[in-house]
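Inspection log for the structure reproduced underneath, given as structure tokens.
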Amino acid sequence: MNALDFLLAAPRRLLALMALACAGLLGFALYLQHHVGLEPCPMCIVQRYALTGVLLAALLGSLWGRRWWWWLWGGLALLISGFGAFVAARQSWMQWYPPETVTCGRDFYGIVENYPISKAIPMLFRGSGDCTAVDWSLLGLSIANWSFLTFAAFCVALLWAAWRLRGR
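Positions 344 to 511 (the numbering used here) are the ones given, in order, by the sequence shown.
Take a look at the structure:
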């Protein structure tokens, strides 16, 4: 039995590993923000929310052993992973083919001057970086590219595990 079969043989093990991976990725994102000084853009924030959603769904799915719980939490993790992959793919597209104007965020003064305070304060926490900027890369891939690959891997692993479980 190879490592992939070991991980995919037990759905709870797969979900626990996914939760651990999400926690590590969120920790790395916070490291890049607070220690390296990279400002997250609004799409980065949405991807963090998606990672948090996958983390919670995978963690809850790994804690309950009943089969229908796995289908519920695994299905939710699959939907959230698909959404995260979509957002990361959109950001990657914007990085490869930047639009003429920035389309993913507003400046601080524009928010404060044009919106009431009850709407302006939540907007300030949505991220201030430019979605088209590639400020950091690893092996030639941006953070958005790595995020897409991660979400896509989650989707493939969950679909593979569901396919293996359907026959049991």
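C-beta atoms are modelled at their ideal positions from N, C-alpha and C, and glycine is treated no differently.
Spanning the alpha carbons of L403 and W416 requires a straight line of approximately 7 Å. Straight-line measurement puts the Cα of A420 at about 25 Å from the Cα of M437. A contact is defined here as three or more CB-CB pairs under 8 Å, and the region 489-506 meets this definition with respect to the region 352-371.
By the C-beta density criterion, F491 is buried, having at least 16 other C-beta atoms within 10 angstroms. Rounded to the nearest whole angstrom, the CA to CA distance from R433 to A487 is 9 Å. Between the alpha carbons of P354 and R391 lies a distance of about 24 Å.
Secondary structure of L368 (DSSP, three-state): helix. Counted as a single uninterrupted DSSP element, the alpha helix (DSSP H) harbouring Y392 occupies residues P385 to L406. Looking from the CA of F429, the closest CA among L406, A401, A393 and C384 belongs to A393. Scanning its chain for C-beta atoms nearer than 7 Å, with the 5 sequence neighbours on each side dropped, one finds around A505 the residues G417, in chain order. Taking the Cα positions, G380 is about 21 Å away from T395. Beyond the five residues adjoining it in sequence on each side, A400 comes within less than 7 Å, by CB distance, of W416, L419, A420 and I423 in the same chain, given in chain order. Taking all protein chains in view, the Cβ of W413 is crowded by 16 or more other Cβ atoms within 10 Å, so the residue is classified as buried. Within the same chain, R391 come within 7 Å of A372 by CB-CB distance, once the 5 residues on both sides are set aside. A366 is a Cβ neighbour of L398, given a cutoff of 8 Å.
Judged by DSSP secondary structure, R433 falls within the alpha helix (DSSP H) whose first and last residues are R410 to W439.
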